[in-house]
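First up is the structure itself, then whatever we jot down about it.
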Amino acid sequence: MSDLPNGFKEYWQNVEDELGRYPGNPEVEELPIHSTHFCTVFWVKLTSIGPARIGGYLSIPHGDGPHPAIMQTPRYGSVNHVPDYNDRKRYVMFTLMHRGQRLTDKPWAAKYPGLLTEGIDDKDQYVYRAIVADCLRGAEFLQNRPEVDSDRTAIVGDDLALITASRRPEFSHVHAAGLLFHRLMDHRERSSAYPVEEINDYLRANPGDSRRVTETLSHFDPIHHVSGIKARTLLSVGDDEAVGGPEWLEELAEQFGGPVEEYRVTHRGGTDNDSIDAWLARQLGREPMSKFRRTLP
Amino acid sequence: MRATPRAPEEFVSSVKCPADFDEFWNTLLDDVSRIPLNPSIEHVPMRSTDEVDVYEIGYDSLDNVRIAGWYCVPKDSYLAPPYPGLLIVPGYVSEPTLPKSWANQGYAAIGVAPRGKLRSNAQYNPGYPGLLVDNIVDRNTYSYRGFYIDACRAVDFALTRPEIDHSRIGVHGSSQGGALTITTAALRPDVITCGAAGAPYLCGFMEAAALTHSYPYEEINEYLRLYPEREEQVRDTLEYFDGNNFAPKIKAPMLVYIGMEDDVCPPETGFAVYNAMTCEKVLHTADHCAHDAGAFWEMAEVEAFLAKHLNPGAPSQRADTTIG
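And the structure:
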């Protein structure tokens with residue numbers, strides 16, 4: 179097991195306690211423009227810590243349930259798409275917007291660049307503390323939907339998917355790719371690309387904050403979380419010797435509490451999309467579907 | 595009915611060019627030319643480095659909408675001016691790139707934030723999804739009318755900068771950025787020196803929507819599911835904004851690269867817009883690649899293409915990709 183940062187368990191228990199003080203009080207309203215002959219799409223509003231009202235797209239296939247389900251954690255950016263058409267055919271889909279993203283940007287809107295370092299000098303004020311809480315609230319919402327087959331519920335995304343899966347062990351499967359918080363203080367020394375460069379920008383401007391930034395980020399490194407994941411996990415792995423490659427992720431992969439399969443990314447999006455889609459479909463009892471139609475009627 | 599394999603290379607677009615296409619755009623360019631640019635530039639020390647100065651910029655565009663952007667310039671001590679200018683134009687859902695890595699390669703690089711993007715959305719904010727279909731039945735108020743012009747006005751901003759060599763201004767982006775590369779090169783043919791367009795979006799809108807259910811084109815399918823009677827109006831509007839109709843007007847050399855399994859911007863539409871170009875051009879196709887368009891390998895080609903035509907002083911590190 180990894181050496182946990184000081185106060186790690188208490189930190190996250192405080193998040194759970196705070197979240198527990200606010201009922202989610204969901205509002206679920208249909209979005210006819212996104213609904214089809216095979217699914218109904220809804221806009222969902224939920225309360226998270228703060229308190230803040232967050233949102234997400236919920237899509238439910240027509241027909242008798244319960245259905246397998248997938249939760250998509252928010253990407254790093256202002257926009258999350260409506261769930262994919264093929265996915266809406268096969269699964270209950272829930273795509274969460276965390277606070278500050280478009281459609282949940284009142285009263286506070288996230289800045290890009292800027293989100294990654296918002297409040298980073300104090301782990302109790304760091305914006306990702308609340309963003310993780312948003313994801314946990316979203317997971318609770320999905321897992322309590324009567325249309326969802328609780329034995330076939332996956333979560334997909336980056337570090338947020340791993341942290342959420344570790345704290346909401348009802349998920350049966352996980353796919354994680356593009357980890358941002360794993361070894362971020364190492365990563366920043368090897369990259370000038372955004373969003374990692376946000377950390378470099380911040381520390382150039384605030385060199386005295388290095389210790390506090392390191393402490394804050396350590397609470398979000400998935401290496402300290404994944405022992406709590408019992409679900410079967412697919413971990414996307416990049417190139418040899420690269421950030422996100424097998425050496426980079428080796429120690430992380432060893433910490434999972436459940437079985438881990440590794441998918442070696444080819445950088446050919448068609449191949450990668452189809453491979454990951456097929457893995458999830460197999461796990462959740464659905465047919466694989468390529469987003470790219472190779473034949474036309 | 596038997597399904598047939600796709601043959602993107604053989605695709606022939608049915609997009610028509612309206613008779614008054616040039617008049618429509620010339621009128622808009624004329625209209626915006628009467629609006630003072632009112633450029634602003636503010637140094638951002640936090641994002642600047644020993645090599646590159648970063649600025650937040652602003653300028654006025656069509657309908658007096660204030661447009662934001664990032665401007666990244668090599669420091670004199672790192673590389674002496676003049677610099678070639680490089681517009682980095684954004685994808686559909688991505689926020690404008692802060693193009694520091696391009697400045698590290700010797701470019702005075704502008705990350706453009708057309709209307710509706712964060713920091714340019716105080717006066718116009720159709721949202722995502724939403725931008726693609728906002729006022730789609732009316733070419734005079736359709737979202738991309740101002741959006742395309744906003745990217746052109748970034749060229750005007752570049753022309754105000756004394757450190758930029760005005761005879762070397764390129765444009766690059768992927769997805770919607772690929773589309774803006776095409777439209778900007780076409781609308782500013784006497785200024786743009788070269789362009790690199792990845793996975794170009796907004797080309798053959800209706801044909802693309804028929805080939806995919808991926809967003810953003812799925813916005814059109816959704817709109818027409820709700821309002822099927824408006825299809826002809828939609829088609830008429832989109833012809834004024836179709837990359838295929840801008841492509842023949844480009845004079846500068848162009849690099850186009852596409853993914854052969856792109857579900858977001860179908861490769862058929864990439865071939866069509868490439869075939870519509872009459873300028874010096876090169877096409878790179880990436881097998882088994884989707885909307886990434888082979889960026890993992892292709893970015894080195896993009897950098898080499900831009901460097902060949904724009905001749906920056908001191909190339910150093912790899913630039914960021916700009917996938918939308």
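Top line first, the protein sequences correspond to chains S and F.
So for the first sequence, this note's numbering puts the first residue at 179; every next one is plus one.
So for the second sequence, this note's numbering puts the first residue at 595; every next one is plus one.
We put the CB at the ideal spot given by N, CA and C, even for glycine.
Inter-residue spacing [alpha-carbon to alpha-carbon] between Thr473 (chain S) and Pro599 (chain F): In the first sequence, the residue the question calls residue 473 (chain S) occupies position 295. In the second sequence, the residue the question calls residue 599 (chain F) occupies position 5. Here the alpha carbon of Thr473 (chain S) sits roughly 4 Å from the alpha carbon of Pro599 (chain F).
Assigned secondary structure, Ser627 (chain F) (DSSP; H/G/I helix, E/B strand, else coil): For the purposes of this step, residue 627 (chain F) is taken as the residue at position 33 of the second sequence. Here Ser627 (chain F) sits in helix by DSSP.
Range covered by the alpha helix (DSSP H) that runs through Cys313 (chain S): Within the first sequence, the letter at position 135 stands for residue 313 (chain S). Counting along the chain, the alpha helix (DSSP H) containing Cys313 (chain S) begins and ends at 305-321.
Within-9 Å CB hit, Phe398 (chain S) to chain F: The count along the first sequence starts at 1 and reaches residue 398 (chain S) at position 220. No, Phe398 (chain S) lies away from the interface with chain F (no Cβ there is under 9 Å from its Cβ).
Bounding residues of the beta strand (DSSP E) (the contiguous stretch that carries Gly233 (chain S)): To locate residue 233 (chain S), count along the first sequence from 1; it is residue 55. 230-239 is the extent of the beta strand (DSSP E) around Gly233 (chain S).
Alpha carbon of Ile763 (chain F) to alpha carbon of Gln303 (chain S), nearest angstrom: The residue given as residue 763 (chain F) occupies position 169 in the second sequence. The residue given as residue 303 (chain S) occupies position 125 in the first sequence. Straight-line Cα distance between these residues: approximately 43 Å.
The alpha helix (DSSP H) enclosing Lys187 (chain S), as first and last residue numbers: The residue labelled residue 187 (chain S) in the question sits at position 9 within the first sequence. That run of the alpha helix (DSSP H) goes 186-198.
Glu833 (chain F) burial status per 10 Å Cβ neighbour count (16 or more: buried): For the purposes of this step, residue 833 (chain F) is identified with residue 239 of the second sequence, where counting begins at 1. For Glu833 (chain F), the number of other beta carbons within 10 angstroms of its own is at least 16, and it is reported as buried.
Buried/exposed call for Trp190 (chain S), threshold 16 Cβ in 10 Å: Within the first sequence, the letter at position 12 stands for residue 190 (chain S). Buried, by the Cβ-count rule.
Chain-ordered chain F contacts of Tyr269 (chain S) [CB-CB under 7 Å]: Counted from its first residue, the first sequence places residue 269 (chain S) at position 91. Proximity of chain F to Tyr269 (chain S) at the Cβ level (cut-off 7 Å) is not reached, the minimal Cβ distance being about 15 Å.
Burial state of Asn258 (chain S) (16 or more Cβ within 10 Å): Working through the first sequence from its first residue, we reach residue 258 (chain S) at position 80. It is buried - the Cβ of Asn258 (chain S) has at least 16 other Cβ atoms within 10 Å.
Beta-carbon neighbours of Phe890 (chain F), restricted to chain S and to distances below 7 Å: Translated into the one-based positions of the second sequence, residue 890 (chain F) becomes position 296. Under the 7 Å cutoff, chain S gives His445.
Under 9 Å between C-beta atoms of His360 (chain S) and Arg410 (chain S): Here residue 360 (chain S) is taken as the residue at index 182 of the first sequence, counted from 1. Here residue 410 (chain S) is taken as the residue at index 232 of the first sequence, counted from 1. Their beta carbons are not under 9 Å apart, which means His360 (chain S) does not touch Arg410 (chain S) by this criterion.
Beta-bridge pairing of Leu340 (chain S) - partner residues as DSSP gives them: Here residue 340 (chain S) is taken as the residue at index 162 of the first sequence, counted from 1. Leu340 (chain S) is not bridged to any residue.
Supposed close pair Leu712 (chain F), Ser396 (chain S) - CB separation, criterion 8 Å: Here residue 712 (chain F) refers to the residue found at position 118 of the second sequence. Here residue 396 (chain S) refers to the residue found at position 218 of the first sequence. Actually they do not touch by this definition, with Cβ atoms about 30 Å apart.
C-alpha gap between Gly792 (chain F) and Asn184 (chain S), whole angstroms: On the second sequence, residue 792 (chain F) is found 198 positions in, with the first residue counted as 1. On the first sequence, residue 184 (chain S) is found 6 positions in, with the first residue counted as 1. Roughly 47 Å between the two C-alpha positions.
Chain S within 9 Å of Tyr738 (chain F), Cβ atoms only: Within the second sequence, residue 738 (chain F) is the residue found at index 144, counting from 1. Not one beta carbon of chain S lies nearer than 9 Å to the beta carbon of Tyr738 (chain F).
Whole-angstrom C-beta distance between Tyr653 (chain F) and Phe751 (chain F), which should lie under 8 Å: In the second sequence, counting from the first residue as 1, residue 751 (chain F) sits at position 157. In the second sequence, counting from the first residue as 1, residue 653 (chain F) sits at position 59. At roughly 5 Å, the Cβ-Cβ gap stays under 8 Å, so Phe751 (chain F) and Tyr653 (chain F) are in contact.
Cβ-Cβ distance between Pro693 (chain F) and Gly705 (chain F) below 9 Å: Counted from its first residue, the second sequence places residue 693 (chain F) at position 99. Counted from its first residue, the second sequence places residue 705 (chain F) at position 111. Yes, the Cβ-Cβ distance between Pro693 (chain F) and Gly705 (chain F) is below 9 Å.
Spatial distance of Asn715 (chain F) from Arg660 (chain F) (CA atoms): Mapped onto the second sequence, residue 715 (chain F) falls at position 121. Mapped onto the second sequence, residue 660 (chain F) falls at position 66. Straight-line Cα distance between these residues: approximately 9 Å.
Within chain F, the residues that His212 (chain S) reaches when beta carbons sit closer than 7 Å: Counting from one through the first sequence, the residue named residue 212 (chain S) turns up at place 34. When 7 Å is used as the limit between beta carbons, His212 (chain S) is near these residues of chain F: Glu816, in chain order.
For Lys875 (chain F): DSSP bridge partner residues: Counting from 1 along the second sequence, the entry for residue 875 (chain F) is found at position 281. F:Met848, per the DSSP bridge assignment.
Environment of Ala898 (chain F) [buried if 16+ CB atoms lie within 10 Å]: Against the second sequence, residue 898 (chain F) aligns to sequence position 304. Ala898 (chain F) comes out exposed.
Between the CA atoms of Leu877 (chain F) and Ile743 (chain F) - distance to the nearest angstrom: If you number the second sequence from 1, residue 743 (chain F) lands on position 149. If you number the second sequence from 1, residue 877 (chain F) lands on position 283. Their Cα atoms are separated by approximately 26 Å.
Proximity below 9 Å, CB of Ile758 (chain F) to CB of Pro668 (chain F): Reading the second sequence from its first residue, position 164 is the one you call residue 758 (chain F). Reading the second sequence from its first residue, position 74 is the one you call residue 668 (chain F). Using a Cβ distance threshold of 9 Å, Ile758 (chain F) and Pro668 (chain F) do not count as a contacting pair.
Interface positions of the segment 228-259 of chain S facing chain F (Cβ-Cβ less than 7 Å), listed along the chain: Taking 7 Å as the cut-off between beta carbons, the residues of the segment 228-259 of chain S near chain F are Gly255, Ser256, Val257, His259, in sequence order.
Start-to-end residues for the alpha helix (DSSP H) that takes in Glu897 (chain F): Numbered from 1 along the second sequence, position 303 holds the residue referred to as residue 897 (chain F). DSSP places Glu897 (chain F) in the uninterrupted alpha helix (DSSP H) bounded by 889-904.
Residue nearest to Thr806 (chain F) in terms of C-alpha spacing, selected from F:Pro860, F:Tyr722, F:Ile776: Reading the second sequence from its first residue, position 212 is the one you call residue 806 (chain F). Residue F:Pro860 is the option with its Cα nearest to Thr806 (chain F).
Ile635 (chain F): first and last residue of the uninterrupted beta strand (DSSP E) it sits in: Translated into positions along the second sequence, residue 635 (chain F) becomes position 41. 634-637 is the extent of the beta strand (DSSP E) around Ile635 (chain F).
Inter-residue spacing [alpha-carbon to alpha-carbon] between Glu892 (chain F) and Gly228 (chain S): Stepping through the second sequence from its first residue, residue 892 (chain F) is reached at position 298. Stepping through the first sequence from its first residue, residue 228 (chain S) is reached at position 50. A straight line joining the alpha-carbon of Glu892 (chain F) with that of Gly228 (chain S) spans about 44 Å.
Asp336 (chain S): contacting residues in chain F (beta-carbon distance under 9 Å): Residue mapping note: residue 336 (chain S) aligns to position 158 of the first sequence, counting from 1. Residues of chain F whose Cβ lies closer than 9 Å to the Cβ of Asp336 (chain S) do not exist; the shortest such Cβ separation is about 16 Å.
Which of helix, strand or coil DSSP assigns to Ile776 (chain F): Sequence index remark: in the second sequence, residue 776 (chain F) carries index 182 (1-based). Correct three-state label for Ile776 (chain F): helix.
Distance between Thr392 (chain S) and Asn384 (chain S) (C-alpha atoms, nearest Å): Indexing the first sequence from 1 puts residue 384 (chain S) at position 206. Indexing the first sequence from 1 puts residue 392 (chain S) at position 214. For Asn384 (chain S) and Thr392 (chain S), the distance between alpha carbons rounds to 13 Å.
Segment limits, beta strand (DSSP E) that includes Ala288 (chain S): Mapped onto the first sequence, residue 288 (chain S) falls at position 110. Careful: Ala288 (chain S) lies outside any beta strand (DSSP E) and carries neither H nor E.
Closest by C-alpha distance to Lys845 (chain F), when choosing among F:Pro810, F:Ala870, F:Leu681, F:Gly685: Your numbering for residue 845 (chain F) matches position 251 in the second sequence. Selected option, being the one with the closest Cα: F:Ala870.
Residues of the segment 276-300 of chain S with Cβ closer than 8 Å to any Cβ of chain F, in chain order: For the segment 276-300 of chain S, the set of residues with a beta-carbon nearer than 8 Å to any beta-carbon of chain F comprises Arg280, Leu281, Ala287, Lys289, Tyr290, Pro291, in chain order.
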